[in-house]
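In UniProt numbering, the protein residues as written are 1 to 472.
Virtual Cβ for every residue (Gly too), placed ideally from N, Cα, C.
The structure presented is a predicted model; accordingly, all values stated were derived computationally and were not measured.
Below you'll find the structure, written out as structure tokens, and then a few comments.
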Ligand code: ATR
């Protein structure tokens, strides 16, 4: 009887849920689907999912009863309260050992809470990041599961068949306990914010200083992508050559310069601050989006202060820009991997960072040629201090940092904001500075708050009675 039942269910028939269901169906899996608004389910099974191994269900009870045991149910609903609501509604129909997989962009602390609550009820939970956008969901995403390991073993074959495939294996692995999957997805998105911003700043330099047309820029990014083999750069050169149907203009020129965000970038930055980790390139990218969104204020202020965008740069500048983008992109990955390394220890995730890089090799939004050397670097040394000093990237840094420096220093004179490019350089310069001015900060803290300081010449904690000097 159970044999006739379906292998897995997807709840939430927005485009990601639909595409994931279609992907699974195309792998020979029998899939049940459900959506709160039932017309969506009906339309989906009658149109896109027709003859594709997919069964529409119209109540959660019907959905649960359509599945083999232990039931395997993937939630692809809006992150936040909807996830709790759906779990709550599902629970009366589930048995012990059944498996819930949350495939949305849930905040990792919510995932920890849900894991604990469900664990007490005997339900197995996998907080699972899924990256790849609509296309990835349909043709093979990168899947980042964490939580109940025995549940992973039950769904391993399904997830492996669904994920993007590379010569190093399918882009999925069991990452670790609790919220490790959603944490890794959060940091993936933080890196994504940074790479998008770095490309956008490079585009801004090309249009405002080098006066290039979108068509010219598209050609340049296409050529540079031979080095990056990056999905984000690939979509950039495709966007830049795209014409708006209505006006015939390059579409990028008719799109408003004001970007939104859903939270994963911000969460990465917030958590990095809590863990005392510096991720300035990612941080700058999050801030850049925030600043972009206050368009009215920017217009008012921009009317008062004009910026000097005219510059004379020689031909070689475009090559410096190429190197600047290349090396700052590696810095974005370096910051993200560092955050994962520290979070893994702090939260007990026990992440294998080379495996994280491996499952990002394809399917996900930050896939690029850099993931293979990152994978190698962490395989050789899981405790690598920073990717910047890995054998894989050391010579790139020696060669290309001077060009990042050249770009940042020239472009600052043009008054063009390049927060992520300059933060990437500051990160590198900060990390490679044997001497920083924090001696003075220590003294200031001790002066106004008696916070004490350490000395270079002997061990211990010291305090100076500064106020006496002050009063003289
Ligand atoms: P979109 O991606 O289309 O903008 P969304 O609002 O993010 O949609 O919601 C994604 C999915 O979560 C949808 O399937 C939505 O169901 P509806 O089609 O009925 O809106 C589902 N969803 C959102 N809130 C939900 C809730 N409280 N309970 C159940 N499903 C919910």
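A Cβ-Cβ distance of about 6 Å is found for the pair residue 275 and residue 346, placing them in contact under the 8 Å criterion.
If you look at residue 59, you'll find it isn't in any beta strand (DSSP E); DSSP assigns it neither H nor E. Contact between residue 408 and residue 418 holds: CB atoms are separated by about 7 Å, below the 8 Å threshold. For residue 288, the three-state secondary structure derived from DSSP is helix. Selection 444, 462 and 286 evaluated against residue 452 yields 462 as nearest (Cα-Cα). The closest CA to that of residue 16, considering only 430, 139 and 267, is found on 139. Scanning 195, 435 and 254 for the CA closest to the CA of residue 325 turns up 195. By the 16-neighbour rule on beta-carbons within 10 angstroms, residue 360 is buried.
Taking one beta carbon from each stretch, the region 331–342 and the region 157–177 have fewer than 3 pairs nearer than 8 Å; the two do not touch.
DSSP places residue 41 in the uninterrupted alpha helix (DSSP H) bounded by 38–46. Rounded to the nearest angstrom, the Cβ distance from residue 158 to residue 7 is 7 Å, consistent with a contact under 8 Å. Residue 402 and residue 241 have their C-alpha atoms some 31 Å from each other. The residue from 70, 84 and 69 with its alpha-carbon nearest to that of residue 76 is 84. Fully contained in the region 231–315 are the following alpha helix (DSSP H) runs of length 4 or more, in chain order: 231–240, 251–254, 264–274, 280–292 and 295–304. Rounded to whole angstroms, residue 299 and residue 119 show a C-alpha spacing of 52 Å. Of the candidates 136, 307 and 100, the residue whose Cα lies closest to the Cα of residue 145 is 100. Beta-bridge annotation (DSSP): residue 9 is paired with 32 and 73. In this structure, 344 is the residue among 466, 376, 377 and 344 with its C-alpha nearest to the C-alpha of residue 177. Residue 228 and residue 216 have their C-alpha atoms some 19 Å from each other. For residue 377, the Cβ stays outside the 7 Å cut-off from all heavy atoms of the ligand ATR. Annotation for residue 199: the continuous alpha helix (DSSP H) segment containing it runs 180–208.
Taking 8 Å as the upper bound for CB-CB distance, residue 373 and residue 397 are not in contact here, some 13 Å apart. Classified as exposed, residue 167 has fewer than 16 neighbouring CB atoms from the shown chains inside 10 Å of its CB. Across the structure, residue 369 and residue 230 are spaced so that their CA atoms are roughly 7 Å apart.
DSSP, read as helix, strand or coil, puts residue 427 in helix.
DSSP places residue 145 inside the beta strand (DSSP E), whose first and last residues are 142–147.
In this structure, residue 135 and residue 125 do not form a Cβ contact; the two beta carbons are roughly 28 Å apart against a cut-off of 8 Å.
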